[in-house]
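Chains as they are written, first to last, in our numbering: chain A, 8 to 267; chain B, 1028 to 1383.
Heads up: the structure comes next, in structure tokens.
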């Protein structure tokens, strides 16, 4: 009994060291901007940098657009697959997995080829339409996570009976989706939304190649030109991701206790 | 006026028929049960009435209006599901109010109708609770209130009591029946439980393999089953193989012992082999109970408390009968010879020839 327990503790300690030591190192380094003492100067510089605020706000805005587009696209799709086309489920699952297999750089080159300023649909001709294209590309990137989260949520409720009950009471598709299905997969949609947010905030390839002022390219720019600020930014980015994970946990647990 | 009519309705899934040549006319306020084993097409028929399935052929009319191709939300039908199907994100009151809000009734009317329905199902104090805070029986009562709140033309119930335990099942079926009577609403009730169907219905439609076997009042279905399937599915009838000796006088031979049937001999040929049914309560052991007497051997005796179940073998045929327990007389012995008797009126000759 003693040896397996020792072994598992050893694995946990090694894993923790692997993950935590670089983080502590980064955090410690980010505090060393002022010579000889620990200070939050690097954070002050980062938060005071107007480009930080602008890029973070831009990425947050795009994340919200992505979440809305993704939800509107994926919830009805997953719902319809579950209700009427269960045989298509493997096909749709395969399609939603593609963004994990195809590198972002390949996707973005495809976009540039299809939607460049001399194409039939010149989305890259203006910055507004490029923003839209960037949001679409984020929807694609977040699709594997969003689809799985929503599909799991839908499987937890009796979609068919709820739909038929609402139909027999006179409800049309819009009301069924927004009054019956959406509220019951709210927690799943939120999980998918936070994952999407975390992905969009840190994404570099798409934003950089489409030349949009997002947070990812800003992180890269700082990393290439500054010493302490990149460490502070890395810690901030971690904090944002963890906050998203924490919120998923919080809402997930809230739903479980409510059901009980 | 006819509340619901199904005319030559059929439903095929690919090459196989789930429902075949279904004809039914339901009077206003009638309580009809679809009874049969699983896969017999009863739920598919109900779903066609509700609009969730489209018939392959045939016509469905509600109050004389053809609804065959209408969507479910255009039919004004109340439906209760086996799985309750209450909306988990809404309170009891919101669930009941759902259909009224869809119909855009004014708020004061919605509130008073919800209060009225909750009173009818005896759950007015649970209005603000969520479905997961209710027991199965309470959830099903809410589902019933939700279906009735919209004052539907038809109430459809798809095995609504199957998920509940036995005691609640009995009390709830009495509640459903009395509610249905007081509201006078035409009701279709799908069940595989013959006791439920017999105790609740005005008429029963017995179904098997997508076909209607018999339509009739519970009394007729139980006492005068027309087919072998109905006889074996409804109640615990004894089914024997008999050879018609003289169709004109109703004489039949069972294991070479002659008996007489008082009805059901029309159109039979002498020498034909038919299924003959006998209700256990019609058979008397070692007594004189009518003209038919048969000699047999006691094969099994089961003591069930107030009742003793006795199995008697003739030659190839076996019957089961119940006798009341008499504390002053010991139960009959296995292997003993015995005479059973029954009247010619109790002999039911079933439709459909048997292989000789």
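From the three backbone atoms N, C-alpha and C, an ideal C-beta is built for every residue, glycine too.
When the Cα atoms are used, what is the spatial distance from residue 37 (chain A) to residue 230 (chain A)?
Numbered from its first residue, the first chain carries residue 37 (chain A) at position 30. Numbered from its first residue, the first chain carries residue 230 (chain A) at position 223. Their backbone Cα atoms lie some 12 Å apart in a straight line.
Residues near residue 1375 (chain B) in its chain [Cβ-Cβ closer than 6 Å; skip 5 each side]
Residue 1375 (chain B) sits at position 348 when you count from the first residue of the second chain. Answer for residue 1375 (chain B): 1304, listed in chain order.
Could you check which residue in B:1227, B:1238 and B:1341 has the C-alpha nearest to that of residue 1047 (chain B)?
Counting from one through the second chain, the residue named residue 1047 (chain B) turns up at place 20. Of the candidates B:1227, B:1238 and B:1341, the one whose C-alpha sits nearest the C-alpha of residue 1047 (chain B) is B:1238.
In terms of alpha-carbon separation, which member of B:1260, B:1257 and B:1300 lies closest to residue 1278 (chain B)?
Residue 1278 (chain B) sits at position 251 when you count from the first residue of the second chain. The option with the nearest alpha carbon to residue 1278 (chain B) is B:1300.
Is there a Cβ of chain A sitting closer than 9 Å to that of residue 1103 (chain B), yes or no?
Working through the second chain from its first residue, we reach residue 1103 (chain B) at position 76. Yes, because at least one Cβ of chain A sits closer than 9 Å to the Cβ of residue 1103 (chain B).
Closer than 8 Å, Cβ to any Cβ of chain B: which residues of the region 157-176 of chain A, in chain order?
164, 165, 168, 169, 171, 172, 173, 174, 175 and 176
Looking at the secondary structure, which residues open and close the beta strand (DSSP E) in which residue 151 (chain A) lies?
Taking the first residue of the first chain as position 1, residue 151 (chain A) is located at position 144. Not the beta strand (DSSP E): residue 151 (chain A) falls in the alpha helix (DSSP H), residues 134-162.
Cα-Cα separation, residue 160 (chain A) to residue 1332 (chain B)
The sequence position of residue 160 (chain A) within the first chain is 153, counting from 1. The sequence position of residue 1332 (chain B) within the second chain is 305, counting from 1. Taking the straight line joining both Cα atoms gives about 52 Å.
Give the secondary structure of residue 1185 (chain B) by DSSP, where H, G and I count as helix, E and B as strand, and everything else as coil.
To locate residue 1185 (chain B), count along the second chain from 1; it is residue 158. Strand, per DSSP.
Among all the DSSP beta bridges, which residues are the ones paired with residue 1233 (chain B)?
One-based indexing of the second chain puts residue 1233 (chain B) at position 206. Beta-bridge pairing links residue 1233 (chain B) to B:1062 and B:1241.
For a test of the three-state rule: what should DSSP assign to residue 225 (chain A), helix, strand or coil?
For this step, residue 225 (chain A) is matched to residue 218 along the first chain. Three-state DSSP puts residue 225 (chain A) in a helix.
Between which two residues does the alpha helix (DSSP H) containing residue 1104 (chain B) stretch?
Reading the second chain from its first residue, position 77 is the one you call residue 1104 (chain B). Element bounds for residue 1104 (chain B): not the alpha helix (DSSP H) but the beta strand (DSSP E), 1104-1107.
Going by beta carbon distance, what residues of the same chain come within less than 6 Å of residue 263 (chain A), once the five residues before and after it are set aside?
Taking the first chain and counting its residues from 1, the one referred to as residue 263 (chain A) is at position 256. For residue 263 (chain A), the predicted model reports a pLDDT of 45, less than 50, meaning its position is unreliable; a value from the coordinates is still stated below. So no residue of the chain qualifies.
In chain order, what residues of the same chain have a beta carbon less than 6 Å from the beta carbon of residue 117 (chain A), not counting five sequence neighbours either side?
Taking the first chain and counting its residues from 1, one reaches residue 117 (chain A) at position 110. Excluding residues within five positions, none has a Cβ falling inside 6 Å.
Tell me whether residue 1278 (chain B) sits in a helix, a strand or coil according to DSSP, three-state version.
Residue mapping note: residue 1278 (chain B) aligns to position 251 of the second chain, counting from 1. Correct three-state label for residue 1278 (chain B): strand.
For residue 1260 (chain B) and residue 1365 (chain B), the rounded distance between their alpha carbons:
Locating residue 1365 (chain B) in the second chain gives position 338, where the first residue counts as 1. Locating residue 1260 (chain B) in the second chain gives position 233, where the first residue counts as 1. Roughly 28 Å between the two C-alpha positions.
Flag residue 216 (chain A) as yes when its Cβ comes closer than 8 Å to any non-hydrogen atom of the ligand PLP, and as no otherwise.
With respect to the ligand PLP, the structure shown offers nothing to examine, as it has no ligands at all.
Rounded to the nearest angstrom, what separates residue 28 (chain A) and residue 47 (chain A) at their Cα positions?
In the first chain, the residue the question calls residue 28 (chain A) occupies position 21. In the first chain, the residue the question calls residue 47 (chain A) occupies position 40. Roughly 20 Å between the two C-alpha positions.
Report buried or exposed for residue 89 (chain A), applying the criterion of at least 16 other Cβ atoms within 10 angstroms of its Cβ.
Numbered from its first residue, the first chain carries residue 89 (chain A) at position 82. Its Cβ being crowded by 16 or more others within 10 Å, residue 89 (chain A) is buried.
Going along the chain, which residues of its own chain have a beta-carbon closer than 8 Å to the beta-carbon of residue 1229 (chain B), five neighbours each way excluded?
As a position in the second chain, residue 1229 (chain B) is number 202, starting the count at 1. Counting only Cβ-Cβ distances below 8 Å, and skipping sequence neighbours, we find 1057, 1058, 1059 and 1244.
Distance, residue 84 (chain A) Cα to residue 1091 (chain B) Cα
For the purposes of this step, residue 1091 (chain B) is taken as residue 64 along the second chain, with counting starting at 1. For the purposes of this step, residue 84 (chain A) is taken as residue 77 along the first chain, with counting starting at 1. Approximately 38 Å between the Cα atoms of the pair.
Inter-residue spacing [alpha-carbon to alpha-carbon] between residue 1183 (chain B) and residue 1233 (chain B):
For the purposes of this step, residue 1183 (chain B) is taken as residue 156 along the second chain, with counting starting at 1. For the purposes of this step, residue 1233 (chain B) is taken as residue 206 along the second chain, with counting starting at 1. Cα to Cα, the separation comes out at about 17 Å.
Can you find at least 3 beta carbon pairs, one from the region 230-245 of chain A and one from the region 130-137 of chain A, that sit closer than 8 Å?
no
9 Å Cβ cutoff met for residue 1367 (chain B) and residue 1310 (chain B)
To locate residue 1367 (chain B), count along the second chain from 1; it is residue 340. To locate residue 1310 (chain B), count along the second chain from 1; it is residue 283. A contact, by the Cβ cut-off of 9 Å.
Of the residues B:1369, B:1371, B:1194 and B:1338, which one's Cα is nearest the Cα of residue 1358 (chain B)?
Counting from one through the second chain, the residue named residue 1358 (chain B) turns up at place 331. Among B:1369, B:1371, B:1194 and B:1338, the Cα nearest to that of residue 1358 (chain B) belongs to B:1338.
Suppose the cutoff is 7 Å on Cβ atoms and the five residues either side in sequence are ignored; what does the same chain contact list for residue 265 (chain A) look like?
Counting from one through the first chain, the residue named residue 265 (chain A) turns up at place 258. Only weak support exists for where residue 265 (chain A) lies, its pLDDT of 45 falling under 50; the value from the coordinates is given anyway. Result list for residue 265 (chain A): empty, nothing under 7 Å.
In the DSSP assignment, find the unbroken alpha helix (DSSP H) run with residue 1121 (chain B) in it and report its ends.
Counting from one through the second chain, the residue named residue 1121 (chain B) turns up at place 94. First-last of the alpha helix (DSSP H) with residue 1121 (chain B): 1119-1129.
Is residue 108 (chain A) buried or exposed, if buried means 16 or more other CB atoms sit within 10 Å of its CB?
Here residue 108 (chain A) corresponds to residue number 101 of the first chain, with the count starting at 1. So residue 108 (chain A) counts as exposed.
Three Cβ pairs or more, each shorter than 8 Å: is that satisfied between the region 1165-1173 of chain B and the region 1117-1125 of chain B?
yes
DSSP-derived helix/strand/coil call for residue 1138 (chain B):
Position 111 of the second chain, counting from 1, holds the residue named residue 1138 (chain B). Residue 1138 (chain B): helix per DSSP, three-state reduction.
Under 9 Å, Cβ to Cβ, is there at least one residue of chain A near residue 1028 (chain B)?
The sequence position of residue 1028 (chain B) within the second chain is 1, counting from 1. Residue 1028 (chain B) does not count as touching chain A.
Does DSSP put residue 1296 (chain B) in a helix, a strand or coil?
Position 269 of the second chain, counted from the start, is the residue given in the question as residue 1296 (chain B). Coil, per DSSP.
Would you give the residue range spanned by the alpha helix (DSSP H) that residue 1223 (chain B) belongs to?
Within the second chain, the letter at position 196 stands for residue 1223 (chain B). 1221-1227 is the extent of the alpha helix (DSSP H) around residue 1223 (chain B).
Tell me, please, whether the region 62-71 of chain A touches the region 197-213 of chain A by the rule of three or more beta-carbon pairs shorter than 8 Å.
yes
Taking 9 Å as the cut-off, decide whether the C-beta atoms of residue 156 (chain A) and residue 202 (chain A) are in contact.
Walking along the first chain from the start, residue 156 (chain A) turns up at place 149. Walking along the first chain from the start, residue 202 (chain A) turns up at place 195. Cβ distance < 9 Å, so residue 156 (chain A) and residue 202 (chain A) count as in contact.
Presumed contact (8 Å Cβ cut-off) between residue 1078 (chain B) and residue 1098 (chain B), rounded CB distance
On the second chain, position 51 is the one that residue 1078 (chain B) refers to. On the second chain, position 71 is the one that residue 1098 (chain B) refers to. Residue 1078 (chain B) to residue 1098 (chain B), Cβ: 6 Å. Contact.
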